[in-house]
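J.:
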């Protein structure tokens, strides 16, 4: 029990008449990489949106490190230490790569609107701290050469990396990655796998939604399979691969 | 704040100091004072539209509130102009806050129409609430501003004063842009979802920047009242709000210097056009000031179609392109020599 | 004994006045909806189409002394052509549209039309004779102008034409398909760019008709566009944006509320009513009173 960082209890979400997430109960162990897989439209992204507060659950509980996340706004959840990326990359294309990551340091700095506009020389220290931290994350993801590029013109693979760097700059305890490898070529996918391993080694728990089964089976400690919003199997990659329900869900009856 | 901006502010300050030595005609000084007031409002509007990505076609309303607060409190209650201006700012903070909370939940077209509707309501009230605002006949005998007993009783004095406030406003705005808060605002513009996933409280930020931009407008309005010494609802109609958006858009919405450029150019445009009409008369073409609206519209349309980032950006890029070309030619020549 | 009769005549009077003004809002709202459905754009120049219709009609019917039906048709055609030009020259060439840019472009067009109208027709308001007699009729103590009957009749004709066009003609069905899913419509072989142009044409035409029929009552001048436009948008939002039948009901509702405000509060604040309704709806229920499930049902007529 102690080692669960995130627990979903009987989580339920209806959109109009459609049930997207159906009484889902799931625990995520601290320090592990857990993958959430399932056919298209199974409700995986909805689960992410529920955890990060973008949509409100119809019923059920989300417990993170002992705190209830129900009803919390996305920015509060980010402050509690949950970072995320998006299925359709959402880099800030109106900013440079460096500035993108500096936004990730938003919660690690505190200067408000008044002091930001009135007292800048005094703030240079904080600004420098933000900048150097952001630069560290840029180097960590090997994006140095792009630091001053506008984020919108990067190729997709780099945009995905940037999104992860930005989420890491938040220094989260839990990182939700929504299809980080989609649209990437084979070489980039391997790099993404290595990156996720590295993130894990930094004691950050990772939840992954991904369609690339090779990647999932390679790097996951546990795999949860959902279909029609319901949990149909859970276990180590090996267990899940041999589960007859999973095979049915993926191949049809 | 970056070096470019320091240079920009220094250049602008120098220009402002010199201008009254070159322009001695009170009429043109007056035009330049109105230019300053437009600049002030546009700086605020640019923070809201260009950086936070929230459109407002209602900032004329905040100018009106500032102007009427100054006018009513000084003439009817005998307040000092400074206290009245402060009260105007406080009023605008409250109004912008309560209008902003529901309005800023809206996006795009809805937000534009909601702010336009708000501006229309304020204008209708300023015309209809005769007992309060003097109705269409307005309020007269608004006292002049004075600083430490030093009265701003000439156009030159008011010119320096109004532009000093513009430069102060610009300085604050530029600081804000390059701060944590400015990045938060740009993030909201880029992607609201991503911004909030990184801990930016988008609701609070949008309301704060809306209120801040309204404060700029309010001060601009108060200065207007104390410069012209008479106000009526005429200048605060919906068209004025639209004009502010036009200025920001023509100059360049994503750059505070662009917004400033747009405000200066479009404020001076009528004067330029009347110069032009004298010139055209020599060729037998009669230009009437009635055509001004048409010219405004045409300029705005052409800029939006061909230079969507605005004149400033277009100018900046073409200068850069010329430099690049020159560099390349020089390089080509030196390589050729080798 | 006297009291009930008074109330009845008051209510009737409000309804007549409401129908008169409300029909115009309804037509403007239908114009907004047409372009919105085809493109997702709110056309800030919609009010200017109404003004242009009114002013052109004045010129054709008064200065050129054409008969009303001929002037009516010519005016509608003229404004339709203006609408087509607007789409061809300002909307169509934009390759990377953002909402902000499109809003400003339609604002620019509205400024241009307004400026042109000022240059061509001057700053004063223009009178126009009523379609038939301008003598009021009395019904249960309330008075009604024959022009009001014309307005209501023409509104009903347009609604009928609208329903027929979108349900029984191929082009109308294509436009509806584009409104529901543009990509799918394109895959089915519908020329979506042409549909956008058509939506501007129709929307301008409807706007022109609104201007033509109201001018005998309100006396058109070049400044009226903004307020007419925003009130029309109020009706469109109240009825649920994109839902034209909702817009007709909402437009008339706003007209009646305005008439009541003029009667009970003050005619000075009458114009504010539509705006307050607009803001209230945007704040409370942006999908409009016929929003969500209801809207879907009404959309199918």
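Protein chains in written order, with the working numbering: chain S, 1 to 253; chain Z, 254 to 591; chain Y, 592 to 892.
Yeah, the Cβ is synthetic: ideal placement off N, Cα and C, and Gly gets one too.
Between residue 452 of chain Z and residue 78 of chain S, is the Cβ-Cβ spacing less than 8 Å?
T.: Contact flag set, yes.
J.: Would the beta-carbon of residue 308 of chain Z fall within 8 Å of that of residue 473 of chain Z?
T.: No, the Cβ-Cβ distance between residue 308 of chain Z and residue 473 of chain Z is not below 8 Å.
J.: Which whole runs of the beta strand (DSSP E) in the region 124-196 of chain S are 3 residues long or more, in chain order?
T.: Here the runs fully enclosed are 174-178.
J.: Given 8 Å as the limit, is there contact between the region 88-103 of chain S and the region 18-35 of chain S, that is, 3 or more CB pairs closer than that?
T.: Verdict: no, contact absent.
J.: Strictly below 8 Å CB to CB, what residues from chain Z border residue 99 of chain S?
T.: Under the 8 Å cutoff, chain Z gives 436, 439.
J.: Could you tell me if residue 406 of chain Z is buried or exposed, where buried requires 16 or more neighbouring beta carbons within 10 angstroms of its beta carbon?
T.: Exposed, because fewer than 16 other Cβ atoms sit within 10 Å of the Cβ of residue 406 of chain Z.
J.: Classify residue 295 of chain Z as buried or exposed, calling it buried when 16 or more other Cβ atoms lie within 10 Å of its own Cβ.
T.: It counts as buried.
J.: Am I right that residue 666 of chain Y and residue 648 of chain Y are in contact with their C-beta atoms under 8 Å? What's the rounded C-beta distance?
T.: With a Cβ gap of about 5 Å, residue 666 of chain Y and residue 648 of chain Y count as contacting.
J.: Which chain S residues are close to residue 258 of chain Z, counting only those with a beta carbon under 7 Å from its beta carbon?
T.: Here the premise fails: no neighbours, minimum Cβ distance about 11 Å.
J.: If the cut is a Cβ gap below 7 Å, which residues of chain Y does residue 371 of chain Z touch?
T.: By Cβ distance, chain Y contributes 870.
J.: From this set, Z:489, Z:572, Z:270, Z:523, which residue's C-alpha is nearest residue 410 of chain Z's C-alpha?
T.: Among Z:489, Z:572, Z:270, Z:523, the Cα nearest to that of residue 410 of chain Z is on Z:270.
J.: For residue 365 of chain Z, which residues in chain Y fall below 7 Å Cβ to Cβ?
T.: Those are 694, listed as they occur along chain Y.
J.: Near residue 455 of chain Z, which residues of its chain fall below 8 Å by C-beta distance, leaving aside the five closest residues on each side in sequence?
T.: Around residue 455 of chain Z: 441, 445, 448, 449.
J.: Write down the C-beta distance between residue 25 of chain S and residue 36 of chain S rounded to the nearest angstrom, noting that I regard them as a contact closer than 8 Å.
T.: Actually they do not touch by this definition, with Cβ atoms about 14 Å apart.
J.: Determine whether the Cβ of residue 389 of chain Z lies closer than 8 Å to any Cβ atom of chain Y.
T.: Output row for residue 389 of chain Z: interface = no.
J.: Is residue 892 of chain Y helix, strand or coil by DSSP?
T.: Any reading at residue 892 of chain Y must be qualified, since the residue scores a pLDDT of 26, below 50, and its modelled position is unreliable; no value is offered.
J.: Would you kindly check if the distance between the Cβ of residue 420 of chain Z and the Cβ of residue 266 of chain Z is under 8 Å?
T.: In this structure, residue 420 of chain Z lies closer than 8 Å to residue 266 of chain Z by Cβ.
J.: Label residue 139 of chain S either buried or exposed according to how many other C-beta atoms from any shown protein chain fall within 10 Å of its C-beta, with 16 as the threshold for buried.
T.: Exposed.
J.: Chain Y partners of residue 338 of chain Z, CB-CB under 7 Å?
T.: What residue 338 of chain Z touches in chain Y: nothing, since even the nearest Cβ is about 27 Å away.
J.: Identify each residue in the region 543-562 of chain Z for which the Cβ-Cβ distance to at least one residue of chain Y is less than 8 Å, and report them in chain order.
T.: Cβ contacts with chain Y come from 543, 544, 545, 546, 547, 548, 549, 550, 551, 553, 554, 557, 558, 561.
J.: Would you check if the distance between the CB atom of residue 619 of chain Y and the CB atom of residue 837 of chain Y is smaller than 8 Å?
T.: It is not a contact, given that the beta carbons lie outside the stated cut-off.
J.: When DSSP builds the beta bridges, which residues end up paired with residue 4 of chain S?
T.: For residue 4 of chain S, which the question treats as bridged, DSSP gives the partners S:29.
J.: Rounded to a whole number of angstroms, what is the C-alpha to C-alpha distance between residue 701 of chain Y and residue 814 of chain Y?
T.: Taking the straight line joining both Cα atoms gives about 11 Å.
J.: So for residue 782 of chain Y, helix, strand or coil by DSSP?
T.: In the structure shown, residue 782 of chain Y sits in coil (DSSP, three-state: anything other than H, G, I, E or B).
J.: Roughly how many angstroms separate the alpha carbons of residue 558 of chain Z and residue 548 of chain Z, rounded to a whole number?
T.: C-alpha separation (whole angstroms): 15 Å.
J.: Check whether the Cβ of residue 821 of chain Y lies closer than 8 Å to any Cβ atom in chain Z.
T.: Yes, residue 821 of chain Y counts as interfacial toward chain Z.
J.: Spell out the partners DSSP gives residue 64 of chain S in its beta bridges.
T.: Answer is S:6, S:67.
J.: Output, in chain order, the set of chain B residues within a Cβ distance shorter than 7 Å of residue 442 of chain Z.
T.: Absence of chain B from the displayed structure is noted, the protein chains being S, Z and Y.
J.: Is the shortest distance between the beta-carbon of residue 575 of chain Z and the beta-carbons of chain S less than 8 Å?
T.: For residue 575 of chain Z, the answer is no, since every Cβ of chain S falls outside 8 Å of its Cβ.
J.: So that I know if they touch, is there some Cβ in chain S lying closer than 8 Å to that of residue 453 of chain Z?
T.: Yes - at least one Cβ of chain S is within 8 Å of the one on residue 453 of chain Z.
J.: Rounded to the nearest angstrom, what separates residue 232 of chain S and residue 880 of chain Y at their Cα positions?
T.: If you take the alpha carbons of residue 232 of chain S and residue 880 of chain Y, they lie about 42 Å apart.
J.: I'd like the ranges of any alpha helix (DSSP H) spanning at least 4 consecutive residues and lying wholly in the region 705-758 of chain Y.
T.: Complete alpha helix (DSSP H) runs here, min 4: none at all.
J.: Apply the 10 Å Cβ neighbour rule to residue 480 of chain Z and answer buried if 16 or more other Cβ atoms are within range, or exposed otherwise.
T.: Buried, since its Cβ has 16 or more Cβ neighbours within 10 Å.
J.: Starting from residue 859 of chain Y, find everything on chain Z with Cβ-Cβ shorter than 8 Å and list it in chain order.
T.: Those are 377, 380, 381, listed as they occur along chain Z.
J.: Looking at residue 639 of chain Y and residue 788 of chain Y, is the spacing between their C-beta atoms short of 8 Å?
T.: For residue 788 of chain Y and residue 639 of chain Y, no; Cβs fall outside 8 Å.
J.: Out of S:165, S:210, S:183, S:248, which one is the CA nearest neighbour of residue 198 of chain S?
T.: It is S:165 whose Cα lies nearest to the Cα of residue 198 of chain S.
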